[in-house]
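Take a look at the structure set out below.
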Amino acid sequence: MSVSASTPLKPRRRSGLRWALAGVAGLVLIAAMAVSTKVVIIGSAADVQADVFSPDAFGAAEFPKIQAAVTDKAVAADVFATAVAANKDEAGKKYGVPGSIGPEISVKFTGVAGQGKSGIYSVTVPGVPSEVLIRVQTGPAINGTDIRDATGTIAFGQFTNQIEYQNAGSALNREMKKQVLSKIDNSNLTGKTLSVVGVFQLINPKSWLVTPVKLEVQ
């Protein structure tokens, strides 16, 4: 029995049709992906992840609130010096906010700056006993997280991890430098009168290292 010469070609034609249909489907998929794909240029306004923590934005937004809260709560240095000399724990509870190793105390004073070292100046304040050493940070380096911790409203649980929490403190220090310390010349404050509103952690009642939220030089 003879077999037509065209008979073996039928499976090949069907296979070819399947490949053609698959190719068309692939082209349709690629076209759909191209339509739905958004091109974002690095550094453009669209290059932002909504949930990424921005320390600088946090500092700019939160520092004015902390500055106002510290100013409102600040106790006069001579009043606090008397209270802490009488009873450290009671003074901390009355005037402070709980901190990691001691309460954060918001304080205000006007006094004469003494010798400075690395931007930290001692200040002699009327009414404060001479055995109490008051020092003020004026930069360029601002150490600690007293501004972050001053009000007790900024907590670790608000952040994703310890790095973000630490970065928040550093950002607040930078914002304070920008808004407060950039307005003064800290190269030689010795002998000048300083008006300060700031915060310090009460560890040694006879040694205060104050981070300012306001500082005026007279």
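For any residue, its number in our numbering is found by taking its place in the sequence shown, counting from 1, and adding 28.
Backbone N, C-alpha and C define an ideal beta-carbon position, used for all residues, glycine too.
- Contact between G142 and D106 fails: their C-beta atoms lie close to 17 Å from each other, not under 8 Å.
- Contact between the segment 77-93 and the segment 219-227 is absent: fewer than three C-beta pairs spanning the two stretches fall below 8 Å.
- Between G180 and E132, the C-beta gap is smaller than 9 Å, which places the two residues in contact.
- Between I170 and L217, the C-beta spacing is not below 9 Å.
- DSSP places I133 in the uninterrupted beta strand (DSSP E) bounded by 132-145.
- V245 is a Cβ neighbour of I212, given a cutoff of 9 Å.
- Within the same chain, and ignoring the five residues on either side of I148 in sequence, the residues whose Cβ sits closer than 6 Å to its Cβ are R163, Q165.
- A distance of 9 Å or more separates the beta carbons of V135 and A97.
- Annotated three-state conformation of P240 is strand, per DSSP.
- I191: member of the alpha helix (DSSP H) spanning 190-207, first to last residue.
- Contact between V238 and T99 fails: their C-beta atoms lie close to 14 Å from each other, not under 8 Å.
- V153 and L222 have their alpha carbons spaced roughly 10 Å apart.
- By the C-beta density criterion, E90 is buried, having at least 16 other C-beta atoms within 10 angstroms.
- Secondary-structure assignment with DSSP links T221 through a beta bridge to V140.
- At a Cβ-Cβ threshold of 9 Å, V140 and W236 do not count as neighbours.
- Per the coordinates, the alpha-carbon of Q207 lies some 10 Å from the alpha-carbon of L243.
- Boundaries around V151 are those of the beta strand (DSSP E), 148-152, since no alpha helix (DSSP H) includes it.
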